[in-house]
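Protein chains: 2
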Amino acid sequence: MDFPSSLVQKAVDEIAQLPGIGRRSALRLVLHLLRQPKDFSERLSSAIATLRQQIRYCNTCHNISDADECSICANPLRNQNVLCVVEDVRDVMAIEATGQFKGRYHVLGGKIAPMEGIGPQQLTIDALVERVENEDVREIIFALGSTMEGDTTNYYIFKKLSKFPLTFSVISRGIGVGDELEYADELTLGRSISQRIPFEVSMKS
Amino acid sequence: MDFPSSLVQKAVDEIAQLPGIGRRSALRLVLHLLRQPKDFSERLSSAIATLRQQIRYCNTCHNISDADECSICANPLRNQNVLCVVEDVRDVMAIEATGQFKGRYHVLGGKIAPMEGIGPQQLTIDALVERVENEDVREIIFALGSTMEGDTTNYYIFKKLSKFPLTFSVISRGIGVGDELEYADELTLGRSISQRIPFEVSMKS
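Listed in order, the protein sequences are those of chains Y and G.
Going by our numbering, the first sequence opens with residue 54, and the numbers climb by one from there.
Going by our numbering, the second sequence opens with residue 54, and the numbers climb by one from there.
Structure below.
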């Protein structure tokens, strides 16, 4: 693409580096910005700059936070004995939205993915081990995505923590609530049979 | 969505105002920015701010430009007698990429769309009339998208310019090059029959 202006070229180059946005979409966004009042671009630009400059992470669970301790870790009503291990803040938000979890979190910041150059050192696994050593943790719930990287990460952490007197669990996999069996993939359906639960338990929630 | 940080909240709010980006995608982009080095966000943020602050438009054709006159209008080799009327810079870029047009452009900045509050006054139609009065224009090519708004705009401009000794033409509509007839919609196929061209003409390009 030959741009008639170096400013447009530069903006498209930067925006097109974002995941899921190609050069065509980037140009569409640039033209949209040019049609909006000046302060729209200013607010957008400053929100992006401030975000990266001033972002903070909870010292305990490593979730994104406005303070040194996030509102969940700071809440004395949350169960201190259960830690739910998740990949990032989106998972915390998703689980919080269910209202089903009253424990605390540990945010890894990713999954072990050697192909992408992400090893255990890039994640907050050492900090998790420290928490188990210093806090009164009794159960670890693994709530990573159901992928090979997720399973690998679960197993790595399990090995690291196996010397502690902990209960380990994984969020259940299976047919989604409201889903028809015929649309489920074979692996999911297979798991939902092999890992079936007692009928009385299923009636509870 | 309940965000754990007001910075994230603010960035998501701003990014989600862009067309085609929902709150979920905005959060995905925010998390991506947080994983990148600081200078990535800085470059993105400054490109957006500079774009809107310093953007300039060609005084003649109203295309986006780095100077008071764009490179096309400044080029003495471009035919001064033919003006191609387009909606925005994307259309200029698309037509330039074909290498088939050696005239000059007039960028309207949109189409007449009363439903979206865009009337002739928001577009550069008066400037187009002035150009026809002052320059040696002999042909106007309408190259707007083939929609009701496009046709309305063409007709409005045609009426405004009908007192001048001009030839008017519209880019041809029809089956795309390389397309099968069975996949074309009825309107397009109908037009390509009613507006058929002499066989010898079709052999030229």
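Think of the CB as a built atom: it goes at the ideal place given N, C-alpha and C, for glycine as much as any other residue.
With a 10 Å radius around its C-beta and 16 neighbouring C-beta atoms as the bar for buried, classify residue i as buried or exposed.
i                      : result
residue 67 of chain G  : buried
residue 207 of chain G : buried
residue 155 of chain G : exposed
residue 247 of chain G : exposed
residue 130 of chain Y : exposed
residue 185 of chain Y : buried
Cβ closer than 7 Å: which chain G residues qualify as neighbours of residue i?
i                      : result
residue 251 of chain Y : Going along chain G, no residue has its Cβ under 7 Å from residue 251 of chain Y, so there is no contact; the nearest lies around 34 Å.
residue 82 of chain Y  : 71
residue 196 of chain Y : Result: empty, since nearest Cβ-Cβ is about 16 Å, beyond 7 Å.
By how many angstroms is the C-alpha of residue j removed from the C-alpha of residue i?
i                      : j                      : result
residue 269 of chain Y : residue 141 of chain Y : In the structure as shown, chain Y begins at 54 and stops at 258. Residue 269 of chain Y is therefore absent and cannot be evaluated.
residue 202 of chain G : residue 172 of chain G : 11 Å
residue 175 of chain Y : residue 80 of chain Y  : 34 Å
residue 90 of chain G  : residue 212 of chain Y : 31 Å
residue 198 of chain Y : residue 244 of chain Y : 15 Å
residue 61 of chain Y  : residue 73 of chain Y  : 19 Å
residue 153 of chain Y : residue 163 of chain Y : 23 Å
residue 168 of chain Y : residue 147 of chain G : 38 Å
residue 182 of chain G : residue 77 of chain G  : 46 Å
residue 59 of chain Y  : residue 92 of chain G  : 20 Å
residue 255 of chain Y : residue 238 of chain Y : 22 Å
residue 23 of chain G  : residue 84 of chain G  : Any question about residue 23 of chain G goes unanswered here, given that chain G covers just 54 to 258.
residue 71 of chain Y  : residue 180 of chain Y : 30 Å
residue 188 of chain G : residue 257 of chain G : 31 Å
residue 170 of chain G : residue 215 of chain G : 26 Å
residue 252 of chain G : residue 159 of chain G : 31 Å
residue 217 of chain Y : residue 230 of chain Y : 35 Å
residue 88 of chain G  : residue 151 of chain G : 40 Å
residue 103 of chain Y : residue 63 of chain G  : 10 Å
residue 75 of chain G  : residue 200 of chain Y : 25 Å
residue 194 of chain G : residue 134 of chain G : 11 Å
Taking 8 Å as the threshold (C-beta atoms), are residue j and residue i in contact?
i                      : j                      : result
residue 157 of chain G : residue 136 of chain G : yes
residue 119 of chain Y : residue 196 of chain Y : no
residue 117 of chain G : residue 110 of chain G : yes
residue 222 of chain G : residue 192 of chain G : yes
residue 43 of chain G  : residue 161 of chain G : Summary: the structure shown does not reach residue 43 of chain G, with chain G confined to residues 54 through 258, and so no result is reported for it.
residue 123 of chain G : residue 57 of chain Y  : yes
residue 149 of chain Y : residue 55 of chain G  : yes
residue 241 of chain Y : residue 228 of chain Y : yes
residue 94 of chain G  : residue 86 of chain G  : yes
residue 115 of chain Y : residue 177 of chain Y : yes
residue 209 of chain G : residue 165 of chain G : yes
residue 132 of chain Y : residue 121 of chain Y : no
Closer than 7 Å by beta-carbon distance: list the chain Y residues that pair up with residue i, in chain order.
i                      : result
residue 103 of chain G : 60
residue 119 of chain G : 58, 59
residue 112 of chain G : Here the premise fails: no neighbours, minimum Cβ distance about 14 Å.
residue 116 of chain G : 57
Interface residues of chain G around residue i at Cβ under 9 Å?
i                      : result
residue 55 of chain Y  : 146, 149, 150
residue 143 of chain Y : 77, 80, 81, 84
Against residue i, what residues of chain Y qualify as contacts under a CB-to-CB distance less than 8 Å, listed in chain order?
i                      : result
residue 223 of chain G : Per Cβ cutoff of 8 Å: no residues; residue 223 of chain G is ~23 Å from chain Y at best.
residue 159 of chain G : Within chain Y, no residue comes near residue 159 of chain G; the closest Cβ sits about 14 Å away, beyond 8 Å.
residue 63 of chain G  : 100, 103, 104
Please list the partners that residue i has in chain G, where partner means a Cβ-to-Cβ separation under 8 Å.
i                      : result
residue 165 of chain Y : Those do not exist, as residue 165 of chain Y stays about 15 Å from chain G at its closest Cβ, beyond 8 Å.
residue 107 of chain Y : 60
residue 85 of chain Y  : 71, 72
Mind pulling the chain Y residues with CB within less than 9 Å of residue i?
i                      : result
residue 68 of chain G  : 97, 100, 101
residue 94 of chain G  : 101, 102, 104, 105, 106
residue 138 of chain G : Near residue 138 of chain G there are no residues of chain Y at all, since even the closest Cβ is about 17 Å away, more than 9 Å.
residue 91 of chain G  : 105, 106
Chain A contacts from the segment 121 to 134 of chain G (Cβ-Cβ distance under 9 Å): Here the protein chains are Y and G, and chain A is not one of them.
Segment contact, 8 Å Cβ cut-off, at least three pairs: the segment 67 to 78 of chain G with the segment 84 to 102 of chain Y: yes
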